[in-house]
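Protein chains in written order, with the working numbering: chain C, 101 to 517; chain U, 22 to 246.
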Amino acid sequence: MRRIGNLRTALFLARKSIMKGNKWALVFVILALSLSFVNLNFVPAVLSGARDTLEKQLINTLLANVVIDPKDDKYYLDHAQQVVQKIGEVPGVAGVSAHLNTSAFIEYRWKEKDSPSDKGKSGTWAVIGIDPRQEAKVTAIHEHIIEGSYLDENDRDAIVLGIEIAGGDAAQTAPNLTLGGARVGDKVRLTYPNGVQREYRIKGIFRAREMLKVDHLAFVTRQEMASVLGRSIFNDRASQILVRVDETSNEKWLIQEFKDLGISGEIRSSQVYGSALSSMASSFGIISSLISGIALAVAAIVIFIVIYISVLNKRRETGILRAIGIKGEIIIYSYLVQALFYAIVGVVLGWLILHFLLQPYFVAHPLDLPVGLVSLAVEPATVQNSILSLVIAAILAGFVPVLIITRQNIIKTIWGT
Amino acid sequence: MIKVKDLHKVYGKGLTAVHALKDINIEVEPGEFVAIMGRSGSGKSTLLHLLGLLDTPTSGEICIENMNISKLPEKKKVRFRLDKLGYIFQEYSLLSELTALENVYLPALSIVWQNNYKKRATEMLATVGLGERLKHYPNELSGGEQQRVAIARALINEPRILFADEPTANLDATSAQVVLELFGKLNKDLGQTIVMVTHEPDDEKYVDRVIWLKDGLVEKESVSR
């Protein structure tokens, strides 16, 4: 019963202090807390957004959802057409594409070279043979053509280049490491490792903005690649098979299904395959935690200072409260209720700013980072953690100064002597 | 009602120690209106602080209603202060964020059985002549009115003893007279025990007995009205 009375008094004192206290101080505290909340969430949201962008790019442009590689002791996957057909029939699979991968020495304006030792505009890059129709169901490179057009099934003398091979103003690689501005319609000469030399017309240039690899790739049709490597054998071989799954499907379950079908090869999800991304995500996590930790410390100090000043300003009133018989614990509760009120209102306001102001803004105007266009990815776990952290920080920051004051001698508290 | 035995209060330690009270022995009977008088520094406020449980004696005993309250643990002291004692300060001691009515019923809020605290507070304010000022905040009241609100607040839990520390020191003559007459009325009509510290010789006429302090000792006692 006594506790009810204590709580009633504490709530009454807290309510009156909030309602009748200094309005500007109230606005300042709540604003400081809401901005702290935004701060706690903003950087992790940007980093999560960058990670999501990388992940999406990796899936959309390089690896799809599931990657099937030859066993360690083999160079190629055999019976590629049969495998593609089998996988394509599994429910939940949206597309399958068999790749024939090799590398080639690519030259541009080779006729302008002074001598065979002149590097000119050339370099060695990976070249992938694809079935354009199947590939379009698996990766989204066809959506990233910035000049010209994508390959057709029957193209034999056409090639599509990544922007970092073609070079030019849009490329980020140093000009001497690209073809120095090759354009659609221009010719390039490819020398394959087996000595076969072919000339191709640049049909399209793409810029997928995938940071690690994709924009450094060149694509020809599978038919063309098979003819270069040796049609009779390579028509039914693949260096790698990429599988795109429906959004609702479970990758792990599908991988097990593929294994059960007896498909011979290393079957891995793109997340397992993209280990570079995992380490990047882990680094982002560490950076995010560090920044959040600092933001939380700043928020806790702000709350502490504000409540400490408030307690000091009301030192005499606190003494009077104790002198008229109000228990120290009631006074502590009343400050805790105030701190909790500041924290909750600050969190709600901060969430509104984040959810209705910053998120829509960054969706409309994403950050143009080297990894691609990044918008905020606010994760529920981060929001939950920051709410919890701020509330705990507010309670501690409110508790300590008032505890000090209520432990002092009443006369000293009232008269300051 | 109040029995003080060999009460001693020392501030500080060693060479800088100040003996504010030296072996004080006094008694106050139920229903008595007692004034503690003396020059500045005589120890009268220190004595009132100790009697009101706002401070702890260095040695000696304070018994109220045969209970040695100087030995009570802190939590029980707080409860005793809330239930049995009322305290009025020299300076206006109202909480600025509360109205007159809220200031008065605040000490009753934490006592759950006090469900009619608003009604009682209204009655108390009417008793001190402020029935029309319930919703006024302290900064909207005169010094005398604020002190009367403080008296109403001190009385809300029906204390056995009312302690007043120079309650008229900051008031003009007219307001001071109103406050002292109010004390007299409470004492006479309700039998309220009152212990008041004052340095105004004129206040003597309102009280039953005066205890004179000098240099931390009881100099003399005189029966007044």
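Think of the CB as a built atom: it goes at the ideal place given N, C-alpha and C, for glycine as much as any other residue.
Could you say which of C:Ala423, C:Leu113, C:Ile259, C:Phe334 lies nearest to C:Phe306 if we only look at CA atoms? Of the listed residues, the one whose Cα sits closest to C:Phe306 is C:Ile259.
Flag C:Glu479 as yes if its beta-carbon sits less than 7 Å from any beta-carbon of chain U, otherwise no. Not a single CB atom of chain U sits nearer than 7 Å to the CB of C:Glu479.
Give me the Cβ distance between U:Met22 and U:Val49, rounded to the nearest whole Å; I'm assuming they're in contact under 8 Å. Correct: roughly 6 Å between the Cβ atoms.
For the stretch 35-50 of chain U against the stretch 198-209 of chain U, are there 3 or more C-beta pairs whose distance is under 8 Å? The stretch 35-50 of chain U vs the stretch 198-209 of chain U: no contact.
Give a yes or no on whether the minimum CB-CB distance between U:Glu187 and chain C is below 7 Å. Not one chain C Cβ lies under 7 Å of U:Glu187.
Quick one, which of C:Glu324, C:Ser134, C:Ile495, C:Arg209 has its alpha-carbon nearest C:Val483's? Nearest to C:Val483 by C-alpha distance, out of C:Glu324, C:Ser134, C:Ile495, C:Arg209, is C:Ser134.
Taking Cβ positions only, does U:Glu50 come closer than 7 Å to chain C? Not one chain C Cβ lies under 7 Å of U:Glu50.
Per-residue DSSP class, three states only, for U:Ala194: U:Ala194 falls in the helix class under three-state DSSP.
Identify the continuous beta strand (DSSP E) that holds C:His163 and give its terminal residues. Before going further, note that residue 163 of chain C is Leu rather than His in the sequence given. Counting along the chain, C:Leu163 falls outside any beta strand (DSSP E), and DSSP gives it neither H nor E.
Tell me the DSSP bridge mates of C:Glu299? For C:Glu299, which the question treats as bridged, DSSP gives the partners C:Arg289.
Report buried or exposed for C:Leu277, applying the criterion of at least 16 other Cβ atoms within 10 angstroms of its Cβ. Around the Cβ of C:Leu277, a 10 Å sphere holds fewer than 16 other Cβ atoms; the residue is exposed.
Whole-angstrom Cβ separation of C:Ala439 and C:Ile407, contact assumed at under 8 Å? Here C:Ala439 really is in contact with C:Ile407; their C-beta atoms are around 6 Å apart, less than 8 Å.
Is the beta carbon of U:Ala129 less than 7 Å from the beta carbon of U:Tyr138? In this structure, U:Tyr138 lies closer than 7 Å to U:Ala129 by Cβ.
Please list, in chain order, the chain C residues whose beta carbon lies closer than 7 Å to that of U:Val99. Chain C residues near U:Val99: Gly425, Lys427.
Mind checking whether C:Ile510 and C:Arg422 have CB atoms under 7 Å apart? Yes, Cβ-Cβ distance for C:Ile510 and C:Arg422 is below 7 Å.
What residue range does the beta strand (DSSP E) around U:Asn46 cover? Here the beta strand (DSSP E) through U:Asn46 covers 39-49.
Which residues DSSP lists as bridging C:Trp225, in chain order: According to DSSP, which records beta bridges pairwise, C:Trp225 is partnered with C:Ala204.
For chain C, is any of its Cβ atoms less than 7 Å away from the one on U:Leu207? Any Cβ of chain C closer than 7 Å to the Cβ of U:Leu207 would place that residue at the interface, and such an atom is absent.
Flag U:Leu71 as yes if its beta-carbon sits less than 7 Å from any beta-carbon of chain C, otherwise no. Taking Cβ atoms only, chain C never reaches closer than 7 Å to U:Leu71, which makes this a no.
Taking only the alpha-carbon atoms, compute the straight-line gap between U:Gly59 and U:Glu179 and give it to the nearest angstrom. Approximately 29 Å, taken between the alpha carbons.
Is U:Leu116 close to chain C? Criterion is C-beta to C-beta, closer than 7 Å. Yes, U:Leu116 lies at the interface with chain C (some Cβ there is under 7 Å from its Cβ).
Proximal residues to C:Lys171 (C-beta, below 7 Å), its chain only, five neighbours per side dropped: The answer, listed in chain order, is Ser364, Gly365, Glu366.
Since C:Lys186 contacts C:Arg344 with CB under 8 Å, what's their CB separation in whole angstroms? Going by Cβ atoms, the distance from C:Lys186 to C:Arg344 rounds to 15 Å, so no, they are not a contact pair.
If we cut at 7 Å on Cβ distances, does C:Asn106 have a partner in chain U? Chain U has a Cβ within less than 7 Å of the Cβ of C:Asn106.
Show which residues of chain U have a CB atom less than 7 Å away from the CB atom of C:Phe441. What C:Phe441 touches in chain U: nothing, since even the nearest Cβ is about 15 Å away.
Where does C:Tyr461 land, buried or exposed, given buried means 16+ other C-beta within 10 angstroms? It counts as exposed.
Specify, as a first and last residue, the run of the beta strand (DSSP E) that C:Gln340 falls within. Counted as a single uninterrupted DSSP element, the beta strand (DSSP E) harbouring C:Gln340 occupies residues 340-345.
Give the range of the beta strand (DSSP E) segment to which U:Lys235 is assigned. In this chain, the beta strand (DSSP E) harbouring U:Lys235 covers 230-235.
Taking three-plus beta-carbon pairs below 8 Å as touching, is the stretch 57-77 of chain U in contact with the stretch 215-229 of chain U? Segments in contact, yes.
Chain-ordered neighbours of C:Phe112 on chain U, where CB pairs are closer than 7 Å: Going along chain U in sequence order, the residues near C:Phe112 (Cβ under 7 Å) are Leu130.
When burial is assigned at 16 or more other CB atoms within 10 Å of the CB, is C:Trp353 buried or exposed? When all chains shown are included, C:Trp353 counts as exposed.
Which ranges would you report for the beta strand (DSSP E) in the stretch 121-196 of chain U if only whole runs of at least 3 residues count? Scanning the stretch 121-196 of chain U for uninterrupted beta strand (DSSP E) segments of 3 residues or longer gives 182-186, listed from N- to C-terminal end.
Using a C-beta cutoff of 7 Å, does C:Lys116 count as contacting chain U? By this cut-off, C:Lys116 is an interface position.
Sub-7 Å separation of C:Glu264 and C:His199 beta-carbons: Contact: no.
Please determine, among U:Asp27, U:Asn46, U:His29, U:Gly52, the residue with the shortest C-alpha to C-alpha distance to U:Lys209. In terms of CA proximity to U:Lys209, U:Gly52 leads the group U:Asp27, U:Asn46, U:His29, U:Gly52.
Taking Cβ positions only, does C:Lys120 come closer than 7 Å to chain U? Proximity of C:Lys120 to chain U, defined by a Cβ-Cβ separation below 7 Å, is satisfied.
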